[in-house]
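Residue numbers (the numbering used here): 33 to 499. Everything on this sheet refers to the single structure shown next.
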Amino acid sequence: MNRFNDFMISNEIKEALDLLGYKMPTDIQNKVIPEILKGNNLVVKSRTGSGKTASFAIPLIEKIVWENRYPQVLVLSPTRELAMQIKEEMFNIGRLKRIKIIPIYGKTAFEGQEKQLRQRQHVVVGTPGRVLDHLESRTINLSDVEYLVIDEADEMLRMGFIEQIDDIFKHLKVKQVILLSATLDKKILDTINKYIKDPVYIEEEVSSNIIKEKQKYLKVNKNKTSELFNFINREQVKSAIIFCNTKDKVEEVYEFLSNERMLIKRLHGDLDQRVRTKAITDFKEGKIRYLVATDVAARGIDVSEIEYVINYQIPKDLKTYIHRVGRTGRMGKKGLTLAILSEEEISSFEKKMNEIDYEIEEFVTTKKEQQEYILNKPIEKSKRDEALNKDIMKIHINAGKKTKMRASDIVGTLCSIEGVNVDDIGVITILDISTFVEIMNGKGEHVYNVLQDKTIKGRLRIVSKAE
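Below, the structure is given as structure tokens:
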């Protein structure tokens with residue numbers, strides 16, 4: 033198979049993929065999608081940036097029965113940021129099928145999640161701790177979950193989530209498990225044997241040519257931070273994630289570069305969740321050009337055209353380095369990984385790279401390279417969601433559960449509008465005093481105008497455009 037249209041998936045998913053700019057499946061998508069559609073248990077070894085989220089999202093969304101009230105898919109993620117990213121990807125792919133997806137993770141209001149879980153939800157994406165909290169509080173019903181995804185299993189083990197995953201498994205009766213990991217060492221294999229029966233193994237191997245193209249280091253003889261600043265300016269770096277090993281170092285680098293008036297934000301575990309979410313969103317939308325982060329905080333950042341991953345500090349764990357490398361040149365696009373090294377660090381870095389068969393070379397700027405760099409600069413960040421959003425309008429209705437508003441009331445009213453049918457109605461979200469409805473197929477303006485004078489459940493409601 034070499035096109036998404038070749039897969040046995042619904043037209044709604046194919047249309048969404050086309051609007052999102054998915055043209056040709058990646059290697060891992062070509063291998064994984066058919067196996068999930070067949071119902072096989074899977075173990076997938078794949079680097080970050082290979083398109084692995086879509087590889088399980090597409091077939092699982094295809095399998096979802098829309099009419100079922102309770103979640104049918106559970107995706108476990110090691111971090112909040114990755115959970116948010118998976119939710120966004122699955123929501124976009126399933127949007128035209130009106131698939132409802134809820135992310136649940138810590139440091140956000142438990143009660144708010146509980147209210148959302150009372151409504152129809154097709155997919156739950158969450159961190160193990162918060163999923164377990166809801167299970168123990170009986171605020172989530174996973175009795176209908178048939179498909180379980182364990183993403184970044186190696187990171188799950190490293191962060192000590194194995195006992196929580198054990199406890200979650202006790203509440204499930206799944207018929208298909210998909211485990212994804214950047215590495216497959218003995219601990220991962222033990223986990224596989226514990227949870228997964230007769231899995232199909234799929235591995236995506238990165239060619240040595242790709243790795244050679246990416247791995248470079250910059251030798252510095254003085255202050256690393258000032259050398260980093262000089263490098264970014266000299267090479268006209270368009271976008272970069274700068275990795276540090278500690279929160280304190282993140283703060284130090286951030287303070288220096290922000291004082292130099294760079295468009296930069298920071299990301300680490302001590303920051304408020306809203307601050308972290310805003311930093312990721314601004315980076316993805318191109319409002320800032322640089323992000324300095326710790327490894328765990330940066331999980332889940334999915335930006336298709338990060339020009340550079342800069343290792344301000346080299347991680348002690350080689351698996352962490354492999355994850356960092358995958359942050360640039362995603363989905364087959366060209367990118368570079370740069371390590372900033374003092375002379376004393378070079379030999380130990382080379383030794384580490386030899387252990388994982390990575391070849392590196394010193395970054396040397398020549399006039400020819402500068403010219404080539406300008407010619408090959410990545411294009412502006414793709415606004416891939418714009419096409420999908422173009423024909424969709426979200427409206428807000430000033431009524432909700434407390435006024436006994438039901439989805440059937442909304443659907444009945446909308447379908448009574450001339451030129452509108454059920455296929456034009458997207459995701460409906462009913463809160464305590466508000467209701468949000470997505471109007472599809474470019475009919476939002478028409479619906480919005482009609483509802484200014486049309487009653488819903490016997491009364492005129494205040495209807496406005498959301499977002």
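The C-beta atom is built at its ideal place from N, Cα and C for all residues, glycine as well. Note that the structure is predicted; figures quoted are calculated from it, not measured.
Between D186 and I220, the C-beta spacing is below 7 Å. One Cα belongs to I392, the other to L370, and the distance between them is close to 10 Å. Distances from the CA of I494 to each of I427, K436 and S448 were compared; the closest alpha carbon is that of I427. Cβ contact annotation for F288 (same chain, cutoff 6 Å, sequence separation greater than five): T257, in chain order. For the options E121, E94 and T111, the alpha carbon positioned closest to that of Q104 is the one of E94. For G451, no beta strand (DSSP E) segment is defined, and its DSSP state is neither H nor E. Counted as a single uninterrupted DSSP element, the beta strand (DSSP E) harbouring P135 occupies residues I133 to I136. Looking only at R298, I338 and L299, the smallest Cα-Cα distance to K316 is reached by I338. Comparing C-alpha distances from M56 to each of A86, V75, I134 and I68 shows the shortest one belongs to A86. With respect to the C-alpha of I90, the residue from T111, V155 and S78 having the closest C-alpha is V155.
For H203, there is no enclosing alpha helix (DSSP H), as DSSP marks it with neither H nor E. According to the DSSP assignment, R293 belongs to no alpha helix (DSSP H), since it is labelled neither H nor E. Counting only unbroken stretches of 3 or more residues, the beta strand (DSSP E) elements lying wholly within the segment 444-497 are 457-462, 467-471 and 495-497, in sequence order. The C-beta distance from L108 to G161 rounds to 10 Å, too long to meet the 8 Å contact threshold. Here M40 is exposed, its C-beta having fewer than 16 other C-beta atoms within 10 Å. Note that the segment 258-278 does not touch the segment 301-312; fewer than 3 beta-carbon pairs, one per stretch, sit closer than 8 Å. Bridge partners of Q247 according to DSSP: T369.
Taking a contact to require three or more Cβ pairs closer than 8 Å, the segment 135-144 and the segment 187-203 do not qualify as touching. Here I134 really is in contact with Q148; their C-beta atoms are around 5 Å apart, less than 8 Å. A direct Cα-to-Cα measurement between Q345 and N453 gives close to 57 Å. Residue burial is scored here from C-beta neighbours: C276 has at least 16 other C-beta atoms within 10 angstroms and is therefore classed as buried. Here A272 carries a strand assignment [DSSP, helix/strand/coil]. In this structure the segment 481-496 touches the segment 428-447; the number of beta carbon pairs closer than 8 Å is three or more. Straight across, the Cα-Cα distance linking V76 with L250 is about 34 Å. Spanning the alpha carbons of F468 and N37 requires a straight line of approximately 32 Å. When C-beta atoms of the segment 65-75 are compared with those of the segment 222-238, three or more pairs fall below 8 Å, so the two segments count as touching. Bounds of the beta strand (DSSP E) holding K77 are L74 to K77.
Collapsing the DSSP output to three states places E187 in a helix. M425: member of the beta strand (DSSP E) spanning M425 to I429, first to last residue. By the Cβ-count criterion, G451 is exposed, with fewer than 16 other Cβ atoms from all chains shown falling within 10 Å of its own Cβ. Of the residues assessed, I462 falls on the buried side of the cut-off, its CB having 16 or more other CB atoms within 10 angstroms. Residue environment for S213: buried (at least 16 other C-beta atoms within 10 angstroms of its C-beta).
Here the segment 477-484 lies against the segment 436-451, with 3 or more beta-carbon pairs under 8 Å apart. If you look at G161, you'll find it in the alpha helix (DSSP H) that goes P160 to E168. For V324, DSSP records a beta bridge to I274 and R298.
Annotation: the continuous beta strand (DSSP E) that includes Q208 extends over Q208 to S213.
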